[in-house]
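Remarks on the structure that follows.
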Amino acid sequence: MLRRAVTVIALILIASATSYAQATTEFVPEVGQAGKDVVWVPTPPELVERMLDLAKVTPQDFVMDLGSGDGRNIIGAAKRGAQSVGVEYNPDMVALSTRNAAAAGVSDKARFVEGDMYQADISKANVLALFLLPSNMLQLRQKFLDLRPGSRIVSNTFGIEGWTPDETVSIEGCSAWCTAHLWIVPAKVGGVWKLDQGDLNLTQDFQMLSGTLGGTPIAGGRLRGDQIRFTVGALEYTGRVTGNRIEGTTQSGGQQRNWTASR
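Each position in the sequence shown, counted from 1, maps to that position plus 2 in my numbering.
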């Protein structure tokens, strides 16, 4: 009877130890592991920093990553003082990211949530730091364009179909995952604007602009966030777009004048 009791207790202790070991075994991701929309391949640390440099991340920014993996983009942004959120479908990766943020001492600024990147609310973000496939980027493109003008999107290697990056940088002597792209969300200015000089008709293709002012074609039309620039003949127009109003200056022959437009 005593021997049976000892055996039962031993079995209970072994089962408890096994359960504890399983509970305390931390998830370790594998490069190339399958995910819902992408496989996991980590961005090299040097490129993470280059991406955040390109986006000019500051403590005043709100940074998001879609498909945030082990959290390195978000943790890097948090180390720069930015409030940051990573959206990740895999709950094990969310837990890993949370542990990584704690180990880096940025739990107060880096947060990770389980969710679908296509359903995530990114409207409050003004910086996105991403490593997604071109197909993912294309599917998200309209959500990117609906961000506030001047918001910055940085990506490891892959582009956004139809939308030329505003800047691209590469790491010298790098063998894989060496390039970072930057897009600055342009203000929406397509249409007819009223100026003293006549109607300004603008056709917008992402940050590129074409059109006419008073029937004269414009040249060099471009947006960088809410900043607009184009030339008409010898006059160079620069300005800032605020909703349905543009205010700026013209330059020609050393003379500067103010101009406004509305729609």
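Backbone N, C-alpha and C define an ideal beta-carbon position, used for all residues, glycine too.
- Within the same chain, and ignoring the five residues on either side of Tyr91 in sequence, the residues whose Cβ sits closer than 8 Å to its Cβ are Gly37, Lys38, Asp39, Gly69, Glu116, Gly117, Asp118, Met119.
- Under the three-state reduction of DSSP output, Gln144 falls in the helix class.
- DSSP, reduced to helix, strand and coil, places Ala236 outside both helices and strands of the structure shown, so it counts as coil.
- Looking from the CA of Lys81, the closest CA among Lys111, Met53, Arg265 belongs to Lys111.
- In its chain, beyond the 5 residues on either side, Leu204, Arg265 have a beta carbon closer than 7 Å to the beta carbon of Gly193.
- The region 67-145 is shown to contain whole beta strand (DSSP E) runs of 3 or more residues at 85-90, 112-116, 129-132, in chain order.
- Taking C-beta atoms under 8 Å as the contact rule, Gly227 and Pro167 fail to qualify, at a distance of about 14 Å.
- At least 8 Å separates the beta-carbon of Gln229 from that of Arg247.
- Spatial neighbours of Thr181 in its own chain (CB-CB distance under 6 Å, excluding positions within 5 residues in sequence) are listed in chain order as Thr159, Ser172.
- Contact between Val65 and Ala131 holds, since their C-beta atoms are separated by about 6 Å, short of 8 Å.
- Closest in C-alpha terms to Gln85, from the list Leu147, Gln62, Pro47, Arg231, comes Gln62.
- Taking the Cα positions, Ser254 is about 54 Å away from Ser99.
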